[in-house]
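A.B. asks:
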Amino acid sequence: MLKVENVHKSFGKNQVLKGVSFDVEKGDVVAILGSSGSGKTTLLRCLEFFEKADDGRIELGELKTDLKGAHKSVANQFRQHTGFVFQNYNLFNNKTALDNVKLGLIKGHGVDKKKADELARKALDKVGLSDRLDYYPSELSGGQQQRIGIARAVAFEPDVIFMDEPTSALDPELVGEVLETIKKLAENGITMVIVTHEISFARDVATKVIYMDEGVIVEQGTSLEIFSRPKQERTRQFLSRFLADYDYVI
Amino acid sequence: MYIDFDFIKNSLPIIVHKIPITLLLTVVSFVIALVFGTIFAYVNYKKVKVASKAIRVYMSIIRGTPIILQIYVIYNVTPKLLEGLFDALGIGVNIYNIDPIWYAFFALSLAATVSASEAIRAGLLSIDKGQFEAGLSVGLSERKVLFDVVFPQAFTNAFPVLGNVLVDLIKSTSLAFMMSVVEITAQAKILGGEVLRYFESYLCVFIIYIFLIKAVEIINSIIESRISTYKLGTAHR
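Which chain is which? The protein sequence lines are A and B, in order. Letter 92 of the first sequence, counting from 1, is numbered 91 in numbering that gives the first Met the number 0, and no numbers are missing. Letter 15 of the second sequence, counting from 1, is numbered 14 in numbering that gives the first Met the number 0, and no numbers are missing.
1) For L84/B, does the count of other Cβ atoms within 10 angstroms reach 16, so buried, or fall short, so exposed?
2) Is there contact between the region 155-173 of chain B and the region 204-214 of chain B, where contact requires at least three CB pairs shorter than 8 Å?
3) Is D116/A helix, strand or coil by DSSP?
4) Here's the rule I'm using: 16 or more other beta-carbon atoms within 10 Å means buried, otherwise exposed. How should R236/B be labelled?
5) Tell me, please, whether the CB atom of N87/A is closer than 8 Å to any CB atom in chain B?
6) Should Y229/B be labelled buried (16 or more other beta-carbon atoms within 10 Å of its own) or exposed?
7) What does DSSP give as the partner residue(s) for Q14/A in the beta ladder?
8) Mind pulling the chain A residues with CB within less than 8 Å of A157/B?
9) Is there contact here, the region 38-48 of chain A with the region 204-215 of chain A, by at least three beta-carbon pairs under 8 Å?
10) State the DSSP-derived secondary structure class of K230/B, mapped to helix, strand or coil.
11) How is E47/A classed by DSSP in three states: helix, strand or coil?
12) Which residue comes first and which comes last in the beta strand (DSSP E) that contains K17/B?
13) Under 8 Å: do the region 165-183 of chain A and the region 80-88 of chain A share three or more Cβ pairs, one atom per stretch?
14) Could you work out which residue in V23/A, G18/A, D53/A is closest to G11/A when comparing CA atoms only?
15) My guess is that L118/A and L104/A are in contact by the Cβ rule of under 8 Å, so how many angstroms apart are they, rounded?
16) Apart from the five residues just before and just after D116/A, which ones in its own chain have a Cβ nearer than 8 Å to its Cβ?
17) In chain order, what residues of the same chain lie with their CB nearer than 8 Å to the CB of L165/B, ignoring the 5 residues before and after it?
18) Taking D147/B as the query, report the chain A residues whose CB atoms sit under 7 Å from its CB, ordered along the chain.
19) Buried or exposed: E182/B, going by 16 or more other Cβ atoms within 10 Å of its Cβ?
20) DSSP state of V155/A, grouped into three classes?
21) What whole-angstrom Cβ distance do F161/A and T81/A have, given they're in contact under 8 Å?
22) Our contact map puts L59/A next to D158/A with C-beta atoms below 8 Å; I'd like the distance itself, whole angstroms only.
23) Could you please tell me which residues of the region 60-75 of chain A, in chain order, have their CB closer than 8 Å to any CB of chain B?
24) I need the boundaries of the alpha helix (DSSP H) containing E132/B, first residue and last residue.
25) Per DSSP, what kind of secondary structure is R237/B in: helix, strand or coil?
26) Buried or exposed, going by whether 16 or more other CB atoms sit within 10 Å of the CB of I149/A?
27) So does the region 105-121 of chain B actually touch the region 32-40 of chain B, counting three or more Cβ pairs closer than 8 Å?
28) Nearest chain A C-beta to A133/B closer than 8 Å, yes or no?
29) Kindly list, in the order they appear in chain A, the residues whose Cβ is closer than 9 Å to that of A63/B.
30) Counting only runs of 3+ residues fully inside the region 143-228 of chain A, write out the beta strand (DSSP E) ranges in chain order.
31) Taking 8 Å as the CB-CB cut-off, is L68/B touching chain A?
32) Within 10 angstroms of the Cβ of L161/B, are there 16 or more other Cβ atoms? Answer buried if so, exposed if not.
33) State buried or exposed for F176/B, treating a residue as buried only when at least 16 other CB atoms are found within 10 Å of its CB.
34) Looking only at C-alpha atoms, which of F154/B, Q130/B, E193/B, W101/B sits nearest to L23/B?
35) Would you mind working out which of V137/B, Y197/B, F105/B sits nearest I70/B, comparing C-alpha positions?
Written out as structure tokens, the structure is:
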């Protein structure tokens, strides 16, 4: 359903992505793992057209385009079908929780106000925040803000949701509530591509795992393949750092 | 020193009558400054090629010259140039029939636009680009992100400085006298000059300005606390 081909991206002389390709099927939960600087976040940002890739193609359902030089309106078409969850939440500071979710529905997707209100309340209910509808982001904890961020991305029922390290800006004791929320989405069959450092979460929730290093995909496969029988030495080393006590079969 | 209280009593109402002129000058110039200030700020913020250069030249000229000089150029030099131009083109408009208040609007808003624009640009710069991206990610067009998310926050952040611009503008309106527009300071000068009671008439002006500006400050702080609710939290719980 989502097909990404040969994404290249450089910042000046620094080549961040050197030809990344992968596929996502409906219902997949794809975890992208890798150490800092491996290009995971840049990849996701290219797919949401926040960064202009130097080369590469993307296909999403019926839509397809070259990433390079994609017009604003094409980017907007894609974004109509993708949700994005940010590392630092990026809730609209001047809007309440409810309005944060409603804005995109009304002004981005042309849903009428009454219906948008209903959908937004439902989305916030799903993330367990029905009692915070008229709170502003500044009045909420990081975990609550991120759950609203997730509600905002889910509300318009995108084909796929990109999550860029959704828990890495959170205090440790707040990580759980956000992971729990994401897990629930996965159980409901929502397609997601998650860049994360939460390795054990990836192991539990992801159907598919991509390991990136230095701008290329070193290895990709099902969760079981990657965690139990990694083929590449680099993947093994990376995982062993996080899963020191994990007993995998080689 | 002898203070002529009777003179004050008689003059104050006459000067107070000119408050509407002062307010008219202020409000019109401020609105012009806000409109053009916003456009200029955005052009500069976006670093639009030629336009932002041109705007910066305009700003350096206005910032680099005293307002008195600007008024002189606008009120004394411009009409002569226009007259010559109209003559050459055969346009039968007498430039000297134009109400001088238009010159005053123009001169005052010229300077206020520069300060307003810089205040708004600072406001825009204070908005994290994540706010833009978040807006785009939920399917909004750039224009909608700008009007629903970015500008409201930028204006809230620029508001205290814009309040200062307004207060400065109120005080600058006294220069309109140079363009033969009679507002409160001008009226006081005229009354004081008739009987050489400048101290008393300026005392009246002092009192009026103090009240006027205090009123503006109070209104500003009410508006400010309204629009920045999202930052400070609401008191309803």
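Ideal placement from N, C-alpha and C gives every residue a C-beta, glycine not left out. Small disclaimer: the values here were computed from a predicted structure and weren't measured.
C.D. replies: With the given structure in hand:
1) L84/B comes out exposed.
2) Inter-segment contact for the region 155-173 of chain B and the region 204-214 of chain B is present: three or more beta-carbon pairs are separated by less than 8 Å.
3) For D116/A, the secondary structure class from DSSP, reduced to helix, strand or coil, is helix.
4) Here R236/B scores only 47 on pLDDT, less than 50, and its place in the model should not be relied on; the value that follows carries that caveat. Around the C-beta of R236/B, fewer than 16 other C-beta atoms lie within 10 Å, and the residue is accordingly described as exposed.
5) N87/A counts as touching chain B.
6) Here Y229/B is buried, its C-beta having at least 16 other C-beta atoms within 10 Å.
7) For Q14/A, the pairing in a beta bridge is given by DSSP as S9/A.
8) Chain-order list of chain A residues neighbouring A157/B: empty, with the shortest C-beta distance near 14 Å, by a criterion of under 8 Å.
9) Touching, yes.
10) The three-state secondary structure of K230/B, taken from DSSP, is helix.
11) E47/A: coil per DSSP, three-state reduction.
12) Counted as a single uninterrupted DSSP element, the stretch harbouring K17/B is not any beta strand (DSSP E), since DSSP gives it neither H nor E.
13) With a cut-off of 8 Å, the region 80-88 of chain A and the region 165-183 of chain A count as touching, because enough Cβ pairs lie within range.
14) In terms of CA proximity to G11/A, D53/A leads the group V23/A, G18/A, D53/A.
15) Beta-carbon to beta-carbon, L118/A and L104/A are separated by about 6 Å, close enough to satisfy the 8 Å threshold.
16) So the list reads L97, K101, once near-sequence residues are dropped.
17) Result list for L165/B: T25, F29, V215, N219, in chain order.
18) What D147/B touches in chain A: L102, K106.
19) Buried, since its Cβ has 16 or more Cβ neighbours within 10 Å.
20) Checking the sequence, you will find Phe at residue 155/A rather than Val. For F155/A, the three-state secondary structure derived from DSSP is coil.
21) About 6 Å; that satisfies the 8 Å criterion.
22) Rounded, the Cβ-Cβ distance is 6 Å, consistent with contact.
23) Going along the region 60-75 of chain A in chain order, one finds K71, A74, N75 with a Cβ nearer than 8 Å to chain B.
24) Secondary structure note for E132/B: its alpha helix (DSSP H) is the uninterrupted segment 128-136.
25) Outside the shown range of chain B, which is 0 to 236, sits residue 237/B, and nothing can be said about it.
26) Residue burial is scored here from C-beta neighbours: I149/A has at least 16 other C-beta atoms within 10 angstroms and is therefore classed as buried.
27) A contact exists between the region 105-121 of chain B and the region 32-40 of chain B.
28) Yes, because at least one Cβ of chain A sits closer than 8 Å to the Cβ of A133/B.
29) Going by the sequence as given, residue 63/B is Gly instead of Ala. In chain order: nothing, as chain A lies at least about 36 Å away.
30) Taken in chain order, the whole beta strand (DSSP E) runs of length 3 or more contained in the region 143-228 of chain A are 159-163, 191-194, 207-212, 215-221.
31) Taking Cβ atoms only, chain A never reaches closer than 8 Å to L68/B, which makes this a no.
32) L161/B is classed as buried because its beta carbon has at least 16 other beta carbons within 10 Å across all chains shown.
33) It is buried - the Cβ of F176/B has at least 16 other Cβ atoms within 10 Å.
34) Measuring from the Cα of L23/B, the nearest candidate turns out to be W101/B.
35) Of the candidates V137/B, Y197/B, F105/B, the one whose C-alpha sits nearest the C-alpha of I70/B is F105/B.
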